[in-house]
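Heads up: the structure comes next, in structure tokens.
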Amino acid sequence: MTETTTVTFTLNGEERSLTLEPRQNLADTIRDTCGLTGTHVGCEHGVCGACTVLMDGKAVRSCLTFAVQAQGAEIETVESLADGDTLHPLQQAFWELHGLQCGFCTPGFLMLAAGALRENPDMSDDEMRDLLSSNLCRCTGYQNIVKAARQAAEVMRGERAEA
Amino acid sequence: MTDAPADLANANAIGRSLRRIEDRPLLTGQAAFAADLRVEGQVHMRVVRSPVAFGRITEIDVDEALELPGVIAVWTHADVAALPQIDFRMTRIEGLGPYRQWVLARDFVRYVGEPMAVVFAETGFAAEDAADLIFAEIDELDAHLSATADPVEVYPGVETGLLSEPAVIRKGAGDVDAAFAAADRVVELEVAVGRHTGVPLETRGALAQHDPDSDVVTMMGAAKVPHYNRGAIATMLGLPTDKVQLSEQHVGGGFGIRGELYPEDVLVCHAARVLGRPIRWIEDRKEHLLAANHSRDQAYRLRAAVDPEGVILGLDAAFYTDQGAYVRTHGGTVTDLAAAMLPGPYRIPAYRVAGHIRLTNKTPAGTYRAPGRFESTFARERLMDEIADQCGLSRSEVRRRNLIPEAAMPFDRQIDTLGTHLVYDSGKYADLLERFRTMLDLDRTEDALAERRDAGEMAGCGLGFFVEKSGLGPDDLVRLHLSGDGTIRIVTGVASVGQGVETTLAQVCAGTLGIGIDGIEVIHGQTSLIEKGMGAFATRVTVMAGSAVKIAAEALIAKATEAAAKALGADPADLTFDAGRVSGPSGALTLAEAAQAAGGEIVAEGLFETTHMTYPYGIHFAQVSVDPETCGVTIERYAVAYDIGRMVNPMLVEGQLVGAVAQGVGGALLEEFVYDEAGQPLATSLADYLMPTAMEMPEVELLIREDAPSPINPLGVKGAGEGGINGAGAALAGAVSQALGRRVDRLPMTPERIYRWIRG
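For the protein sequence lines, the chains are F and A, in the order given.
Each residue of the first sequence is one higher than the one before, counting from 1 in the UniProt record's numbering.
Each residue of the second sequence is one higher than the one before, counting from 1 in the UniProt record's numbering.
Following this line, the structure appears as structure tokens:
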């Protein structure tokens with residue numbers, strides 16, 4: 001299994017052209033080949049969602065996505081969320097409302113919510129809970145994650161109205 | 001600035017819901033967890049695990065694996081025969097020694113997932129490919145899977161007479177026989193709790209490096225008890241303690257199971273020395289579910305002697321802990337705690353218990369959040385419900401009648417646990433029950449549920465009253481470094497598993513000094529930076545390290561005052577300290593200026609020692625409905641009352657309680673390590689081992705009280721870590737039992753079990 005292939009995609013706005021084994025998944029590629037370790041791997045089989053990134057704006061489990069499937073795509077990870085020192089509204093809300101404890105699942109939740117809210121900031125509470133049930137957190141009991149996502153949605157709606 | 005003049009907002013950092021100082025790197029993806037570490041020249045380690053539950057190894061063929069390009073070495077037991085078995089960290093009991101696990105299986109494999117061999121290779125892919133080429137010839141034996149069945153031989157034909165009951169822990173006080181002789185009725189109950197465990201979102205991992213010049217091996221990826229593990233690894237490798245250093249990075253959840261000394265920790269350190277290369281090991285999720293400590297899996301037989309008023313005169317109990325294949329670092333901890341804490345908040349003047357530690361061919365077990373209490377609270381509270389039903393009392397009334405009164409505090413149970421005498425330090429149990437009843441409007445709630453049941457619905461509620469323990473000694477040391485720029489560095493030997501250690505300790509420091517928490521940094525889990533530390537377990541950090549920080553901060557005030565006195569030419573007795581300033585008739589110095597006057601830095605130490613634990617307490621309430629079609633349980637309402645003595649950060653306390661409730665819900669309704677009759681585990685992925693998601697978790701209502709501060713530490717605090725899970729199984733079982741109108745004697749209450757209960 002040492003045959004290699006080339007894949008090119010955009011990672012947080014930067015074009016990457018990589019030579020790798022076709023069996024390499026996107027999570028390992030982002031983490032090991034590109035060195036961005038904010039994307040975490042919690043189960044390697046698509047259940048926990050810690051590895052969630054955005055591929056062309058949609059949340060994907062990067063552990064279940066081969067790197068070659070990202071050919072030509074735009075990939076966004078947690079490292080792209082903050083604007084310099086200014087936290088993204090989701091990051092800010094998670095911080096203020098104690099939406100994280102160990103923080104291992106946090107990047108996955110942030111990317112999951114970031115993608116969904118970008119598409120539909122008017123999500124109802126039920127839709128929000130349904131969305132957030134895609135990922136696992138073992139520390140918080142979800143209450144503060146749901147609250148934080150709601151608060152961020154409000155902020156993002158406000159930002160959109162101003163824009 | 002930490003040395004800014006006093007303002008009210010800064011004057012009382014203790015008791016405020018401050019945002020956590022540890023969050024920013026976690027939110028931005030900059031925090032380094034074990035798997036995020038990489039060093040030049042690192043070698044990847046892959047463990048080859050037993051595919052069978054029990055058998056004798058006749059041969060392990062590693063030749064093909066060794067030929068694979070990129071493979072550096074393959075080891076089996078013969079290659080590490082000099083390494084001793086992994087020893088006990090806690091609750092060492094005479095006779096447990098032969099039941100300890102080897103780093104790599106010797107002669108026998110005793111559970112699916114047991115390390116048999118280990119591969120070292122240049123890439124992760126090569127290591128995994130090589131591991132797939134290793135074949136073990138194993139003469140399979142019948143797996144022993146029941147902890148309540150008669151004990152069997154652990155190593156048949158080799159160590160005859162070594163049976164699968166390593167120890168029986170017996171405790172008691174009072175005259176149990178007299179209690180039963182005087183009883184109006186005897187209430188009997190058999191209950192069992194399933195096998196489940198912590199399952200942190202981050203699997204285990206380590207990176208070990210050996211420095212040939214200093215001969216020091218450093219393992220990053222440590223957690224929970226770095227100082228103990230450092231000593232234990234050094235002992236196993238035959239090295240002086242100072243030749244092993246452990247370093248904690250960000251830790252993705254602990255819950256009791258992460259950070260105990262496992263075979264893989266020893267292997268990476270040993271291999272780093274032997275192979276002369278950095279060794280990286282990252283566990284995958286399947287391995288984690290097979291190899292990291294399991295927990296729970298206890299079966300209870302209870303007999304209570306009860307008087308005509310429903311008051312328990314005596315309790316006679318036996319229980320069986322399914323320890324799995326080996327006795328690991330915890331020794332008898334889980335069984336010991338269950339035996340000691342089973343009587344909980346009730347007087348129970350006569351008590352006798354036998355806690356049997358039994359081995360089976362399952363993954364070895366250890367502690368998981370509220371070890372021995374989630375189980376014993378479930379058993380005891382099921383018994384209370386049974387007594388209520390038999391005596392015609394309401395569930396809250398039977399509890400009220402048995403509670404230890406406030407006047408009896410401190411309450412000496414006349415038994416020991418974890419080497420300490422069990423004395424409940426403070427508590428207003430009846431008062432908390434009354435407040436909780438009011439908050440829940442309990443009588444009306446129960447009436448409304450009865451009406452729903454009369455109308456054919458399956459709905460009910462339950463209570464779980466519990467006593468927790470926290471703040472296990474014997475001691476903790478912290479060192480404060482105050483710099484000339486006013487910043488403070490707190491160095492402690494406790495560990496962080498994500499619970500907010502940094503913020504909590506910074507708040508205690510800030511609160512004691514009357515300053516803000518900005519500019520206070522907390523360093524933890526680094527054996528090279530402080531000589532001792534007990535670590536993060538047993539809900540001990542806020543009590544032990546928090547108290548040590550307070551003592552150190554007070555010592556810092558004394559030293560700053562001394563330095564200021566010299567600088568001001570004043571008598572220290574004429575100076576006062578307030579809000580980060582030393583003031584006197586001739587002037588004032590900020591802490592920063594005092595440090596400058598003292599030569600640029602002031603260092604102060606605090607050592608807090610205790611021989612007793614402190615005992616928070618609380619009550620869980622659950623209201624559920626059961627769907628007759630799916631047999632699924634919906635939690636309609638969930639509430640926790642908890643007296644924590646004193647809160648350092650209410651937001652973090654609430655976070656601990658709610659997060660623990662979620663794990664309790666998992667253990668009560670969803671999570672279970674199921675085995676087939678051959679001992680093959682059936683829950684080896686997160687698709688089979690079901691944990692609660694945002695859909696299963698209700699809002700949790702909290703009634704947090706500070707009515708009974710601890711008299712045995714300088715802050716008055718009790719721990720927050722485990723109260724949120726302790727009573728969850730009990731309350732949910734009470735609720736489902738009422739909903740179904742039948743005895744519920746088993747957790748988890750999965751749809752399959754509920755279906756069988758309903759259909760008889």
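Idealized CB from N, CA, C, for every residue including glycine.
Quick caveat, the model's predicted, so the values are computed rather than measured.
(1) Tell me, which residues are paired with TRP75 of chain A by DSSP?
(2) Can you look up ASP578 of chain A in the DSSP assignment and give me helix, strand or coil?
(3) List, in order along the chain, the chain F residues whose C-beta lies closer than 8 Å to that of ASP23 of chain A?
(4) Taking Cβ-Cβ distances shorter than 9 Å, what residues in chain F pair up with ALA662 of chain A?
(5) Between VAL216 of chain A and PHE378 of chain A, how many whole angstroms is the CB-CB distance? I'm expecting something under 8 Å.
(6) Would you report the Cα separation of LEU83 of chain A and ALA325 of chain A, rounded to the nearest angstrom?
(7) Report the residue ranges of all alpha helix (DSSP H) runs contained in full by the segment 473-558 of chain A; include only those spanning at least 4 residues, in chain order.
(8) Give the range of the alpha helix (DSSP H) segment to which VAL334 of chain A is assigned.
(9) Among A:ALA65, A:ALA563, A:LEU26, whose alpha-carbon lies nearest the alpha-carbon of GLY38 of chain F?
(10) Let me check understanding here. Comparing Cα to Cα, which of A:ARG637, A:LEU104, A:ARG380 lies closest to MET439 of chain A?
(11) Does GLY57 of chain F pass the burial test, meaning 16 or more other C-beta atoms within 10 Å, or should it be called exposed?
(12) Against chain A, does ALA82 of chain F count as a neighbour if the rule is that its beta carbon must be under 8 Å from one of theirs?
(13) Just to confirm before moving on: does the CB-CB distance between GLY35 of chain F and ASN135 of chain F stay below 8 Å?
(14) With distance defined between alpha-carbon atoms, name the residue in F:VAL7, F:ASP122, F:GLN92 nearest to LEU20 of chain F.
(15) Who does HIS294 of chain A pair with in a DSSP beta bridge?
(16) How about MET647 of chain A and ILE704 of chain A: do their beta carbons lie closer than 8 Å?
(17) Mind checking who MET219 of chain A pairs with in its DSSP beta bridge?
(18) Measuring alpha carbon to alpha carbon, tell me which of F:LEU97, F:ARG23, F:GLY13 ends up nearest ARG19 of chain A.
(19) LEU87 of chain F versus chain A: which residues are under 9 Å apart at the beta carbon?
(20) Using a Cβ cut-off of 8 Å, pull out every chain F residue sitting near THR504 of chain A, in sequence order please.
(21) Does LYS532 of chain A pass the burial test, meaning 16 or more other C-beta atoms within 10 Å, or should it be called exposed?
(22) Based on the DSSP output, what are the partners of PRO681 of chain A in its beta bridges?
(23) Give, in chain order, every unbroken run of the alpha helix (DSSP H) that is at least 4 residues long and sits entirely within the segment 140-196 of chain A.
(24) Are there three or more Cβ pairs, one per stretch, closer than 8 Å when the segment 269-285 of chain A is compared with the segment 198-215 of chain A?
(25) Could you check whether GLY664 of chain A and ILE754 of chain A sit closer than 8 Å to each other, using their CB atoms as the reference points?
(26) Against GLN298 of chain A, what residues of chain F qualify as contacts under a CB-to-CB distance less than 7 Å, listed in chain order?
(27) Give every residue of the same chain whose Cβ lies closer than 7 Å to the Cβ of ALA592 of chain A, excluding the five residues on either side of it in the sequence, and list them in chain order.
(28) In the DSSP assignment, find the unbroken beta strand (DSSP E) run with GLN390 of chain A in it and report its ends.
(29) Got a sec, what are the start and stop residues for the beta strand (DSSP E) LEU97 of chain F sits in?
(30) Please work out which residues of its chain come closer than 8 Å, Cβ to Cβ, to ASP184 of chain A, disregarding the five sequence neighbours upstream and downstream, and give them in chain order.
(31) Return the CA-CA distance between VAL653 of chain A and PHE374 of chain A, expressed in angstroms with no decimal places.
(32) Around the C-beta of THR52 of chain F, are 16 or more other C-beta atoms found within 10 angstroms, so that it is buried, or is it exposed?
(33) Are there 16 or more other CB atoms within 10 angstroms of the CB of PRO371 of chain A, so buried, or fewer, so exposed?
(34) According to the Cβ coordinates, are ALA149 of chain F and LEU100 of chain F closer than 8 Å?
(35) Considering Cα atoms alone, identify which of A:GLY97, A:GLN101, A:ASP107 is closest to ALA78 of chain A.
(36) Name, please, each residue of chain F whose Cβ falls closer than 9 Å to the Cβ of GLU64 of chain A.
Looking at the atomic coordinates:
(1) Here residue 75 of chain A refers to the residue found at position 75 when the second sequence is read from its first residue. Residue pairing from DSSP places TRP75 of chain A in a beta bridge opposite A:VAL118.
(2) In the second sequence, counting from the first residue as 1, residue 578 of chain A sits at position 578. Strand at ASP578 of chain A.
(3) Residue numbering aside, residue 23 of chain A sits at position 23 when the second sequence is read from its first letter. Neighbours of ASP23 of chain A on chain F, chain order: PHE94, TRP95, LEU100, GLY103.
(4) As a first step, residue 662 of chain A must be located in the second sequence, where it is residue number 662. Chain F residues near ALA662 of chain A: CYS137, ARG138, CYS139, THR140, GLY141, TYR142, GLN143.
(5) In the second sequence, residue 216 of chain A corresponds to position 216, counting from 1. In the second sequence, residue 378 of chain A corresponds to position 378, counting from 1. Not a contact, Cβ separation roughly 46 Å.
(6) To locate residue 83 of chain A, count along the second sequence from 1; it is residue 83. To locate residue 325 of chain A, count along the second sequence from 1; it is residue 325. About 19 Å.
(7) 501-513
(8) For this step, residue 334 of chain A is matched to residue 334 along the second sequence. From DSSP, the alpha helix (DSSP H) with VAL334 of chain A extends over 333-341.
(9) By one-based count along the first sequence, residue 38 of chain F stands at place 38. Checking every option, the nearest Cα to that of GLY38 of chain F belongs to A:LEU26.
(10) Translated into positions along the second sequence, residue 439 of chain A becomes position 439. Looking only at A:ARG637, A:LEU104, A:ARG380, the smallest Cα-Cα distance to MET439 of chain A is reached by A:ARG637.
(11) Counting from one through the first sequence, the residue named residue 57 of chain F turns up at place 57. That one is exposed.
(12) The residue labelled residue 82 of chain F in the question sits at position 82 within the first sequence. Taking Cβ atoms only, chain A reaches closer than 8 Å to ALA82 of chain F, which makes this a yes.
(13) Counted from its first residue, the first sequence places residue 35 of chain F at position 35. Counted from its first residue, the first sequence places residue 135 of chain F at position 135. No, these two residues do not count as a Cβ contact at 8 Å.
(14) On the first sequence, residue 20 of chain F is found 20 positions in, with the first residue counted as 1. Closest by alpha carbon: F:VAL7.
(15) Within the second sequence, numbered from 1, the residue matching residue 294 of chain A stands at position 294. HIS294 of chain A is bridged by DSSP to A:ALA365.
(16) Walking along the second sequence from the start, residue 647 of chain A turns up at place 647. Walking along the second sequence from the start, residue 704 of chain A turns up at place 704. Taking 8 Å as the Cβ cut-off, MET647 of chain A and ILE704 of chain A qualify as a contacting pair.
(17) By one-based count along the second sequence, residue 219 of chain A stands at place 219. Beta bridge pairing from DSSP links MET219 of chain A with A:ALA208, A:LEU246.
(18) Here residue 19 of chain A refers to the residue found at position 19 when the second sequence is read from its first residue. Among F:LEU97, F:ARG23, F:GLY13, the Cα nearest to that of ARG19 of chain A belongs to F:LEU97.
(19) Position 87 of the first sequence, counting from 1, holds the residue named residue 87 of chain F. The contacting residues are ARG24, LEU27, THR28.
(20) Mapped onto the second sequence, residue 504 of chain A falls at position 504. What THR504 of chain A touches in chain F: nothing, since even the nearest Cβ is about 12 Å away.
(21) Walking along the second sequence from the start, residue 532 of chain A turns up at place 532. Its Cβ having fewer than 16 others within 10 Å, LYS532 of chain A is exposed.
(22) As a working mapping, residue 681 of chain A is identified with position 681 in the second sequence. Note: PRO681 of chain A sits in a beta bridge opposite A:TYR675.
(23) 176-181
(24) Contact between the segment 269-285 of chain A and the segment 198-215 of chain A is present, because at least three Cβ pairs lie under 8 Å.
(25) The sequence position of residue 754 of chain A within the second sequence is 754, counting from 1. The sequence position of residue 664 of chain A within the second sequence is 664, counting from 1. Cβ distance not < 8 Å, so ILE754 of chain A and GLY664 of chain A don't count as in contact.
(26) As a working mapping, residue 298 of chain A is identified with position 298 in the second sequence. Those do not exist, as GLN298 of chain A stays about 22 Å from chain F at its closest Cβ, beyond 7 Å.
(27) The count along the second sequence starts at 1 and reaches residue 592 of chain A at position 592. So the list reads ASP3, GLY484, ASP485, GLY486, once near-sequence residues are dropped.
(28) On the second sequence, position 390 is the one that residue 390 of chain A refers to. GLN390 of chain A -> not in any beta strand (DSSP E); alpha helix (DSSP H) instead, spanning 373-391.
(29) Stepping through the first sequence from its first residue, residue 97 of chain F is reached at position 97. Neither: LEU97 of chain F is in no beta strand (DSSP E) and is coded neither H nor E.
(30) Position 184 of the second sequence, counting from 1, holds the residue named residue 184 of chain A. Taken in chain order, the residues that qualify are VAL306, ASP307, PRO308.
(31) Residue mapping note: residue 653 of chain A aligns to position 653 of the second sequence, counting from 1. Residue mapping note: residue 374 of chain A aligns to position 374 of the second sequence, counting from 1. Distance between the alpha carbons of VAL653 of chain A and PHE374 of chain A: 19 Å.
(32) Looking up residue 52 of chain F in the first sequence gives position 52. Counting Cβ neighbours within 10 Å, THR52 of chain F comes out buried, since at least 16 surround it.
(33) Mapped onto the second sequence, residue 371 of chain A falls at position 371. Under this definition PRO371 of chain A is a buried residue.
(34) Indexing the first sequence from 1 puts residue 149 of chain F at position 149. Indexing the first sequence from 1 puts residue 100 of chain F at position 100. Cβ distance not < 8 Å, so ALA149 of chain F and LEU100 of chain F don't count as in contact.
(35) One-based indexing of the second sequence puts residue 78 of chain A at position 78. The residue with the shortest Cα to Cα distance from ALA78 of chain A is A:ASP107.
(36) What you label residue 64 of chain A is simply residue 64 of the second sequence in a count that begins at 1. Neighbours of GLU64 of chain A on chain F: none; closest Cβ ~15 Å, over 9 Å.
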